[in-house]
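One structure is given below, encoded as structure tokens.
Number of protein chains: 2
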Amino acid sequence: MNYRFQIVLLFTLTFSFLTHLEGQDDDVYMIKKIHDEALGKGKAYPWLTDLCTKHGERIAGSPAYLGAANYTKDILAGIKGVQSYHQPCESSYWKRGAKEQVKIIGKNGKNIRLSALSLGNSVATPTEGITAEVIEVQSLDEVEKLGKEKISGKIVFYNRPMDPTQLRTFSAYGGAVDQRVYGPSKAAEFGAVAALVRSMTTSLDDFPHTGVTIYKDSLNKIPGIAISTLDAEKLSRAIKKGPVNVFLKTNCQTIGMKSAPTVIGEIKGSVFPEEIIVVGGHLDSWDVGQGAHDDGAGCIQSMEVLRLFTALGYQPKRTIRCVLFSNEENGLAGGRTYAKLSNEKNEFHLAALESDSGGFSPKGFSFEADTSVFKSYYKHVSKWLPLLESYGLHFEMGGSGADIGPLKSQKGLLIGLRPDSQRYFDFHHTANDRIENVNKRELELGAAAMASLIYLIDKYGIK
Amino acid sequence: MNYRFQIVLLFTLTFSFLTHLEGQDDDVYMIKKIHDEALGKGKAYPWLTDLCTKHGERIAGSPAYLGAANYTKDILAGIKGVQSYHQPCESSYWKRGAKEQVKIIGKNGKNIRLSALSLGNSVATPTEGITAEVIEVQSLDEVEKLGKEKISGKIVFYNRPMDPTQLRTFSAYGGAVDQRVYGPSKAAEFGAVAALVRSMTTSLDDFPHTGVTIYKDSLNKIPGIAISTLDAEKLSRAIKKGPVNVFLKTNCQTIGMKSAPTVIGEIKGSVFPEEIIVVGGHLDSWDVGQGAHDDGAGCIQSMEVLRLFTALGYQPKRTIRCVLFSNEENGLAGGRTYAKLSNEKNEFHLAALESDSGGFSPKGFSFEADTSVFKSYYKHVSKWLPLLESYGLHFEMGGSGADIGPLKSQKGLLIGLRPDSQRYFDFHHTANDRIENVNKRELELGAAAMASLIYLIDKYGIK
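For the record, the sequence lines run as chains Y and P.
Note that numbering that gives the first Met the number 0 numbers the first sequence so that position 427 is 426, with each residue one more than the last.
Note that numbering that gives the first Met the number 0 numbers the second sequence so that position 461 is 460, with each residue one more than the last.
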């Protein structure tokens, strides 16, 4: 190596080292500014308060949903540099109707009312209601084992609790929710007249938790109803003493297809406008409560990401698209429609980040992608970990979000925000999912975490 | 190296490697069992519910405190293998008396009431109250700058908010609490007649937050009163429009020394009984609210550590002592007395762990010790990190707890549980610090984290 070459090499190395350092310093500074803005002058909390109090109970297809779609479109339009619009989406509209009546028929003539909510997409009971004996089971398998002889003509009561020893409540939910999703159809297969399901929560309280049930088309559709965990315990105790009859009356129905647009707000990329980065949540909620954690929080955090960039004068290189999906709860029409239209337009989503696990303290992100690209993407993003760890954020492999899932075939990176999960199922799908149960700072920190990661993806790409 | 020696070395290495692995497997299994027991069959939540609802408002020296001291001693005595007792402690007893009256004197004859709480250890106003003009300041320094001319005869209103951009709320608290602790005395130094202090929280709400104020003996003692953040904003707005007079009437007083025992429950060590490991919190709370997060949670978690060991049949090698300290809030008599008696008996505390940052999701531990021993201790405990990281627990250097601080001179390891801090100052020192605001699972996870670390310290020591 000659002297002249050594000098050149030394200069090049020094320069690239300095550039590298400077780049990192810039990132440290930008991520700090994002957090300062989100915590000091954030809009997430007042926006979520408005969404919850003015447009609660916004099941897809309902007038409340349309109100929320207009409200969020207008807010997005008010952020400098953002173009907002509705993406048309047709969604099945399911309506609960009058309050559910569920009661244990007392032997002494005194009935005991149970706190209940029909499951989403459930059929109603006949107008006169249903009275039948209840049989308690712990699983779908048990229904199969008991068979027609024991099940026929009965109300099947699924009472397997979520496992409290699971560290992550989503794992406990995953281990119990088959009872709600497939339980009514499984019971119908063996001649049951209705199904009751213990609410999906590790708490013992009086809130029934609704959520979708899925019918097998080939089978008779029977009513599916969630009862609160305290009432599930009560019913179980009664059954242990001898045969129990329960009266059920519900009048929910699927009304039919309705317009329920997905809401989009977009900042065009200044260098690679054809590379799209989505940040989103789902705008629909259940028809009870305000959809504060599920998923008003995720929507508002995604909107706040755009506002943070604008407020800090950050001009993205890539196209950043905030997408508030429709109908996640009972059909996923928003996510499917979005991906279909995107594929038709030959779009490429470099990355998509969904926040749909509640507005709690963020603990990090989980990543997934097509196996052909995942390893290189994950290796690349892992380099940013030192920038985020001081904010208590960690990376892991795992699922992203239901709405962005259909984008996987575009071979970009799919990401889920992972907040602390301990309180989520205190509120999930209940009348108690309200703004009072969202902590302002926790919500803001989630938005800041999302904006920080989106900033890095936008600035450096993922390969 | 000869052949025979190689064989011996290989055997030794293999054996020590296997032993090491086996030891780690045991620990993985034990820590999982601790978490399963705490989350599946934990007693922390029902115990804390009882403590809060039956023995709330338990300021040291009060009858409520004595009730709590008896309740917790009895629970500890009921855990197999635990000896429980009261350690006598004399504590200054301060009493709030009748509800505080704080109002802005309206120019139109209409007064505006402000939500207020006297600061702990504050003197009262004269019986007839105080009416004076309010002067708003942002700091103690500003009082000095304004000097006697501007301050004399006035009510000084400290209104510097906690910095919301601090990631950790405890840092924001640390940056603002000098106003509450030293503000009244500083104002008195320049002739003020009373001091109002903006409540220590980043929330905007109607809850005044009390907390201790410390008078300089050489100075006149003037009343110190906290007002809610919403009312601080209101008062500040009024002052911007022109001079504002406020009327204050309080009748708190320091009653004198009372008995307020520290509660101790102990499992004698089976191998090294002379090496003591403390796990504790402080049993006293303020005289408003139930002291649920501050610090009922820490006390109950510490009691649960002993129960977890007993329930799992774990026989500690070292002496594990659960200590529920008295009078942390307004004097620290419990911590000081405990350390003094311990030193007199020539005891050695190998380690002490305090939980006094609320019953929220645990994020890890912070460690401190005398500088002569800290490095080697920290290096040793850091080896356990892989066992705890899968539970979301991390280690850092930093403060431990006020009550265990006086043990530092014994040159053991002092440890603080670090829960998520975002919600702590929503409740801290207010009437809203109630059991409803404690999440069962978060409380249980804290107890499990503490038991896991204490188990490792007990089993392996710290050097």
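All C-beta atoms in this analysis are idealised placements derived from N, C-alpha and C, irrespective of residue type, glycine included.
For the candidate residues P:Glu343, P:Ile104, P:Phe359 and P:Ala401, whose alpha-carbon lies nearest to that of P:Glu367? Working through the second sequence from its first residue, we reach residue 367 of chain P at position 368. The option with the nearest alpha carbon to P:Glu367 is P:Ala401.
4-residue-minimum alpha helix (DSSP H) runs that sit fully inside the segment 338-395 of chain Y, ordered along the chain:
Note on the segment 338-395 of chain Y: whole alpha helix (DSSP H) runs with a minimum of 4 residues are 370-381 and 384-388, in chain order.
Show which residues of chain P have a CB atom less than 7 Å away from the CB atom of Y:Tyr44.
For this step, residue 44 of chain Y is matched to residue 45 along the first sequence. For Y:Tyr44, no chain P residue has a Cβ inside 7 Å of its Cβ, as the nearest lies near 10 Å away.
Worksheet entry | From P:Asp73, P:Met449 and P:Leu340, residue whose alpha carbon lies closest to that of P:Leu416 | Here residue 416 of chain P corresponds to residue number 417 of the second sequence, with the count starting at 1. P:Leu416 has its Cα closest to that of P:Met449, out of P:Asp73, P:Met449 and P:Leu340.
Practice task
May I ask you to list, following chain order, the residues of the segment 163-197 of chain P that have a beta carbon less than 7 Å from some beta carbon of chain B?
Solution key: The structure shown contains no chain B; its protein chains are Y and P.
Limits of the alpha helix (DSSP H) - the one that P:Lys53 falls within: Taking the second sequence and counting its residues from 1, one reaches residue 53 of chain P at position 54. Following the DSSP letters along the chain, one finds P:Lys53 inside the alpha helix (DSSP H) bounded by residues Ala43 to Lys53.
- [ ] Grab me the residues of Y:Asp369's own chain with a C-beta within less than 8 Å of its C-beta, minus the 5 sequence neighbours each way, in chain order.
- [x] On the first sequence, position 370 is the one that residue 369 of chain Y refers to. Closer than 8 Å at Cβ, skipping near neighbours: Lys407, Ser408 and Lys410.
**Message:** Taking the alpha-carbon of Y:Tyr92 as reference, which of Y:Phe426, Y:Val136 and Y:Asn326 has the nearest alpha-carbon?
**Reply:** Here residue 92 of chain Y is taken as the residue at index 93 of the first sequence, counted from 1. Of Y:Phe426, Y:Val136 and Y:Asn326, the smallest CA-CA separation from Y:Tyr92 is found for Y:Asn326.
**Q.** Distance CB(P:Ala466)-CB(P:Gly60) smaller than 7 Å
**A.** What the structure shows of chain P is the stretch from 0 to 462, and residue 466 of chain P is not part of that stretch, so it cannot be assessed.
Within chain P, partners of Y:His428 - CB distance below 8 Å:
Along the first sequence, one-based indexing puts residue 428 of chain Y at 429. Here the premise fails: no neighbours, minimum Cβ distance about 18 Å.
Margin query: Along the chain, where does the alpha helix (DSSP H) containing P:Thr71 start, and where does it finish?
Written below: Within the second sequence, residue 71 of chain P is the residue found at index 72, counting from 1. For P:Thr71, the enclosing alpha helix (DSSP H) has its first and last residue at Pro62 to Ala76.
Please confirm whether Y:Val180 and Y:Ile213 have their CB atoms less than 7 Å apart. Within the first sequence, residue 180 of chain Y is the residue found at index 181, counting from 1. Within the first sequence, residue 213 of chain Y is the residue found at index 214, counting from 1. At the C-beta level, Y:Val180 and Y:Ile213 come within 7 Å of one another.
Interface flag, Y:Glu303 vs chain P, CB-CB below 7 Å: As a working mapping, residue 303 of chain Y is identified with position 304 in the first sequence. It does not; no Cβ of chain P falls within 7 Å.
State the DSSP-derived secondary structure class of Y:Asn436, mapped to helix, strand or coil.
Working through the first sequence from its first residue, we reach residue 436 of chain Y at position 437. In this structure, Y:Asn436 counts as helix in the three-state DSSP scheme.
Subject >> Min CB distance P:Arg465 to chain Y below 7 Å >> reply: Because chain P in this structure spans residues 0 to 462, residue 465 of chain P falls outside the shown range and cannot be described.
- Task: Starting from the C-beta of Y:Ile226, find all residues in its chain whose C-beta is less than 8 Å away, skip the five residues before and the five after it, and write them out in chain order.
- Result: Translated into positions along the first sequence, residue 226 of chain Y becomes position 227. These residues qualify, in order along the chain: Val101, Leu113, Ser114, Ala115, Leu195, Val196, Arg197, Ser198, Pro207 and Leu234.
Q: Less than 8 Å between the CB atoms is what I'm expecting for P:Gly39 and Y:Thr164, so what's the real figure, rounded?
A: If you number the second sequence from 1, residue 39 of chain P lands on position 40. If you number the first sequence from 1, residue 164 of chain Y lands on position 165. Contact annotation, P:Gly39 with Y:Thr164: C-beta distance approximately 5 Å; criterion of less than 8 Å satisfied.
_Within chain Y, the residues that P:His34 reaches when beta carbons sit closer than 8 Å_ = Sequence index remark: in the second sequence, residue 34 of chain P carries index 35 (1-based). Near P:His34 (Cβ distances below 8 Å), the residues of chain Y are Thr164 and Leu166.
Cβ shell of Y:Glu232 (< 8 Å), same chain only, five flanking positions each side left out:
Taking the first sequence and counting its residues from 1, one reaches residue 232 of chain Y at position 233. For Y:Glu232, where only same-chain residues beyond five positions count, the Cβ hits under 8 Å are Leu203.
* If you compare alpha carbons, which of P:Ala430, P:Phe189 and P:Val27 is closest to P:Ser151? -> If you number the second sequence from 1, residue 151 of chain P lands on position 152. When only C-alpha atoms are compared, the closest one is P:Phe189.
inquiry  = If contacts are defined as beta-carbon pairs under 8 Å, then P:Ala123 and P:Gln289 qualify, I think. What distance do you get, rounded to the angstrom?
reply    = What you label residue 123 of chain P is simply residue 124 of the second sequence in a count that begins at 1. What you label residue 289 of chain P is simply residue 290 of the second sequence in a count that begins at 1. Going by Cβ atoms, the distance from P:Ala123 to P:Gln289 rounds to 25 Å, so no, they are not a contact pair.
*Looking at C-alpha atoms only, which residue of P:Glu148, P:Ala171 and P:Lys378 is the closest neighbour of P:Arg159?*
On the second sequence, residue 159 of chain P is found 160 positions in, with the first residue counted as 1. With distances taken between CA atoms, P:Arg159 lies nearest to P:Ala171 out of P:Glu148, P:Ala171 and P:Lys378.
I'd like the span of the alpha helix (DSSP H) that includes Y:Lys149, first residue to last. On the first sequence, residue 149 of chain Y is found 150 positions in, with the first residue counted as 1. Y:Lys149 -> alpha helix (DSSP H) spans Leu139 to Ile150.
inquiry  = With DSSP as the reference, identify every bridge partner of P:Thr261, one or two as the case may be.
reply    = Here residue 261 of chain P corresponds to residue number 262 of the second sequence, with the count starting at 1. Looking at the DSSP assignment, P:Thr261 forms a beta bridge with P:Gln86.
Q) DSSP state of Y:Ile58, grouped into three classes? A) On the first sequence, position 59 is the one that residue 58 of chain Y refers to. If DSSP states are grouped into helix, strand and coil, Y:Ile58 belongs with coil.
| task | Run down chain Y in chain order and give the residues with a C-beta less than 9 Å from the C-beta of P:Thr201. | result | Within the second sequence, residue 201 of chain P is the residue found at index 202, counting from 1. Residues of chain Y passing the Cβ test: Leu38, Lys439 and Arg440.
**Message:** Below 9 Å on C-beta distance, what does P:Gly391 contact in chain Y?
**Reply:** The count along the second sequence starts at 1 and reaches residue 391 of chain P at position 392. Close partners of P:Gly391 in chain Y (Cβ separation under 9 Å): Leu166, Lys362, His393 and Asp419.
Neighbourhood of Y:Thr336 by C-beta, 6 Å cutoff - its chain only, sequence neighbours within 5 removed:
Here residue 336 of chain Y refers to the residue found at position 337 when the first sequence is read from its first residue. Same-chain partners within the cutoff: Cys88.
**Asked** According to DSSP, is P:Pro418 helix, strand or coil?
**Response** Here residue 418 of chain P is taken as the residue at index 419 of the second sequence, counted from 1. DSSP, read as helix, strand or coil, puts P:Pro418 in strand.
Let me know the secondary structure DSSP gives P:Ser180 once reduced to three states. Counted from its first residue, the second sequence places residue 180 of chain P at position 181. For the sequence presented, residue 180 of chain P should be read as Val rather than Ser. If DSSP states are grouped into helix, strand and coil, P:Val180 belongs with the helices.
Member of Y:Ile103, Y:Glu127, Y:His54 and Y:Lys439 whose CA lies at the smallest distance from the CA of Y:Asp230: To locate residue 230 of chain Y, count along the first sequence from 1; it is residue 231. Measuring C-alpha to C-alpha distances from Y:Asp230 to each of Y:Ile103, Y:Glu127, Y:His54 and Y:Lys439 identifies Y:Ile103 as the nearest.
message: By the 9 Å beta-carbon criterion, what residues does the segment 440-454 of chain P contribute toward chain Y?
response: Residues of the segment 440-454 of chain P with a C-beta less than 9 Å from any C-beta of chain Y: Arg440, Glu441, Glu443 and Leu444, listed in chain order.
Who pairs with Y:Cys321 in a beta bridge, going by DSSP? Your numbering for residue 321 of chain Y matches position 322 in the first sequence. DSSP, once it has assigned bridges, lists Y:Gly264 and Y:Val278 as partnering Y:Cys321.
task = Note down, in chain order, each residue of its chain lying with its Cβ closer than 6 Å to the Cβ of Y:Thr71, except the 5 sequence neighbours on either side.
result = Your numbering for residue 71 of chain Y matches position 72 in the first sequence. Within the same chain, Y:Thr71 has close Cβ partners Val262 and Leu323.
Worksheet item: Can you list, in chain order, the residues of its chain whose CB lies under 6 Å from that of P:Pro272, leaving out five sequence neighbours each side?
Response: Your numbering for residue 272 of chain P matches position 273 in the second sequence. For P:Pro272, where only same-chain residues beyond five positions count, the Cβ hits under 6 Å are Thr318.
| Under 7 Å, do Y:Glu141 and Y:Pro242 count as touching if we go by C-beta distance? | Counting from 1 along the first sequence, the entry for residue 141 of chain Y is found at position 142. Counting from 1 along the first sequence, the entry for residue 242 of chain Y is found at position 243. No.
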